[in-house]
Amino acid sequence: MNRFLYIDVDTAGGWPQEEKKPIVKFGTTDAPGKTPADRCHENQQALSNRWGIEATLRVALVAEGPVTAIEGEVRERTSSWRPKAFGPGTEWRRACPRQLARIVILIARDRLGPPGGLAPVEVSSTESRGARKFSMLGAEFHCKSMLTGASPNPEQRSLLEPRPDLGPKHSGLYGGEISSSLGQSSKVLRERNRFAEQRVLRDGGPTQRGPSEEEISFGAGLSFRVGPMMETLLEESWSHSGYRSRSAYCRAVGTGRDRRGPITAKGGLFLHWLRSHLGEVEGPEVWTELEEIAEKFFEGAGPREALRLVRRHLMAVEGGAIPDLRSPSSLESSSRWPALLKHARRVERETRETLPGQRHLSGGSTVSARISEERKRLIQENASYSDYKNPSAFLRRVVLGWDRDQAILAQCAVATCWMESFFGNAISQEDWHKLDRLMHRRFEIFLVGASGTDPESALRQAEEHLLSTSVETVAEEIEIGY
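Start counting the sequence shown at 1; every next residue gets the next number (the UniProt record's numbering).
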């Protein structure tokens, strides 16, 4: 065996049967002829001789290949787990061994994987007597049964699933520090959502048709309050999503399974179109491409209507124009920013114009969704990790796509307004420069002309953030911008 990274665990205290966190040791070695078991024995002797701790160390994980280069980052990210009796540069920790192994694997994937972490990582694995061996990005991992068995892992959660609840604290996304401004946009939360969905389908039981929504047992459900404006915007997002019911829409979007359901997120589709034609002189026929986007992603709405929908939903969230449980009229006495009140009034007026019959914006309502216990727990945990006051506050923003980065939402609103104003007309170089001036004045971003950075980088980043996927994937789906 060549250079390898290892994790040793003290089992003298009863782990994995006991919940108490044991002493663990990680490190790397490339001593000729030395096996992981030899290194484990040396660590056990050092623990006794230097610190007077009698332990029974066992090898829990061995990794070979380029993964050994991450030792320093693992040490830094897990420093809060260092026992006080040990020195600052030590690799001894008191922690959940599964979480330490998880951090090693996640760091390795991020450092060895594709830039941005948007592409899925292929993992091939084999199992033998509870132990697991898998290959990932040129690295070989050997996980012993104490990490993969039922005793330390009663829920049978994968080591690839992030667990912010297990710590360490104050260690960035690996430790659960997820800003409330990120919401479901955090990569860690999206990863957790994916694994939770797999458990839901797994526990639903296989059939000849495969597990489906109808075969999953639902619990008591989940509900949250919305104001009249938010309810209208939610109804619009659902009606243009293709889901059979509002409950199904809230389930998919609220758990992060569908990141492109909200109309605000679909603004990324228009950014993709804009980036594909950026700076080019185009005739009126270029707008016909939006007809296919509208037909496919806006449930039959025309391109002009789709642009108006996206622009209005983006304006509603921009600057907090629509408070969570209030209507714009409540801003009259409390708002200190006249521009915000004017902005909110415009959104309210345009929203009223879309309502059928005599329906009015008044009062509020409770939105309920039938949901499985696993998904309900996922939403509650994600709300906690994101520092929202409660799951209701979390859901209110997530189902409308308001958890996205505020600056990116504002940039998309400016771009969509520009597209709406020029829709159906030829586009000249001066028209592109007008958009460039708007973006630079508000966000100091150059889109065309001389610039010290890639002129497409801002639009590309915004598109991927809103749609939670790569621009290459979007290009394949809508057949624009190959």
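Using N, Cα and C, we set each Cβ at its ideal position, and we do this for glycine too.
What would DSSP say about residue i, mapped onto helix, strand or coil?
i	result
Ala-321	Because Ala-321 sits at a pLDDT of 48, beneath the cut-off of 50, its placement in the model cannot be relied upon, and the following sentence gives the value as read from the coordinates. Ala-321: coil per DSSP, three-state reduction.
Tyr-6	strand
Val-24	strand
Leu-222	strand
Thr-29	strand
Ile-445	coil
Ser-239	helix
His-434	The amino acid occupying residue 434 in the given sequence is Lys; His does not appear at that position. Reduced to three states, the DSSP call for Lys-434 is helix.
Glu-305	helix
Thr-207	Bear in mind that a pLDDT of 38 at Thr-207, under 50, signals an unreliable position, so the model cannot answer this.
Glu-280	coil
Arg-311	helix
Ser-247	helix
residue 514	For residue 514 there is no data in the structure shown, the boundaries of the chain being 1 and 482.
Arg-132	strand
Pro-168	coil
Along the beta strand (DSSP E) that carries residue i, what are the first and last residues, could you check?
i	result
Val-367	365-369
Ile-293	Where Ile-293 is concerned, there is no enclosing beta strand (DSSP E), although the alpha helix (DSSP H) it sits in stretches over 289-297.
Phe-141	139-143
Hey, quick one: how far does the alpha helix (DSSP H) through residue i stretch, first residue to last?
i	result
Val-474	471-478
Phe-423	Segment: none, Phe-423 is in no alpha helix (DSSP H) and carries neither H nor E.
Arg-257	Counting along the chain, Arg-257 falls outside any alpha helix (DSSP H), and DSSP gives it neither H nor E.
Tyr-385	373-385
Ala-265	263-277
Val-399	No alpha helix (DSSP H) contains Val-399, which DSSP labels as neither H nor E.
Arg-460	457-467
Does the Cβ of residue i have 16 or more other Cβ atoms within 10 Å, making it buried, or fewer, making it exposed?
i	result
Glu-464	buried
Lys-144	buried
Val-310	buried
Glu-476	exposed
Asp-10	buried
Lys-34	exposed
Gly-452	Residue placement at Gly-452 is flagged as unreliable, the pLDDT there being 46, under the threshold of 50; a coordinate-derived value is accordingly withheld.
Asp-165	exposed
Ser-468	buried
Thr-56	exposed
residue 529	Residue 529 is absent from the structure shown; the chain starts at 1 and stops at 482.
Ser-237	buried
Ser-372	buried
Asn-49	exposed
Pro-16	buried
Using 9 Å as the limit for Cβ to Cβ distance, is residue i near chain B?
i	result
Val-226	Note that chain B does not occur in the displayed structure, where there is just one protein chain.
Hey, which unbroken runs of the beta strand (DSSP E) at 3 residues or more fall wholly within the region 40-110?
You should have 57-64 and 92-94.
Inter-stretch contact at 8 Å, needing at least 3 Cβ pairs: the region 411-431 / the region 236-248
Taking a cut-off of 8 Å for Cβ pairs, the region 411-431 and the region 236-248 do not touch, as fewer than three such pairs fall below it.
Three or more beta-carbon pairs under 8 Å between the region 61-78 and the region 89-102, yes or no?
Touching, yes.
Give a yes or no on contact between the region 294-304 and the region 375-392, applying the rule of three or more CB pairs nearer than 8 Å.
Output reads no: the region 375-392 does not touch the region 294-304.
Stretch-stretch touch, CB-based, cutoff 8 Å, three pairs: the region 271-282 with the region 422-433
The region 271-282 vs the region 422-433: in contact.
Meets three-Cβ-pair contact criterion under 8 Å: the region 392-408 and the region 247-261
Taking 8 Å as the limit for Cβ pairs, the verdict is that the region 247-261 does touch the region 392-408.
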